[in-house]
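Down below is the structure, laid out as structure tokens.
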Amino acid sequence: MTKSDGFQAIEKPLASLPATVRNLILDHFHTLTRYEPVIGIMGKTGSGKSSVCNALFAGEVTPVSDITACTREALHFVFTAANTA
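According to this note's numbering, the sequence shown is numbered sequentially starting from 42.
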């Protein structure tokens, strides 16, 4: 595993601290930078939840229809930002 430049920049000044304190700070830093939020969209059948997902993901990730409800099961999508390590 390679460490990012940002992580190394924080790690160097902490080198003079006791190992337990340094590790505690680095663990918290790692937790904050690796956080993956989970967003749920709930609503009545045919209310446009799939359309919202398609708009958020800027593409057709789930089918939509003007006539009938298309999604019967819960769907899960993962968004990966281009600048994450």
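Ideal Cβ positions, reconstructed from N, Cα and C, are used throughout, including at glycine.
Practice problem: Tell whether a beta-carbon distance below 8 Å holds between Cys94 and Ile82. | Solution: yes
Self-check item: Supposed contact pair Leu55 and Ile66 - C-beta distance, whole angstroms, cut 8 Å
Solution: 6 Å
Quiz item: What's the C-alpha gap between Pro59 and Glu77?
Solution: 30 Å
Quiz item: In chain order, what residues of the same chain have a beta carbon less than 6 Å from the beta carbon of Gly84, not counting five sequence neighbours either side?
Solution: Lys90
Exercise. Can you grab the Cα-Cα spacing for the pair Ala50 / His71, in whole Å?
Key: 13 Å
Exercise. Could you work out which residue in Phe98, Ser106, Thr61 is closest to His117 when comparing CA atoms only?
Key: Phe98
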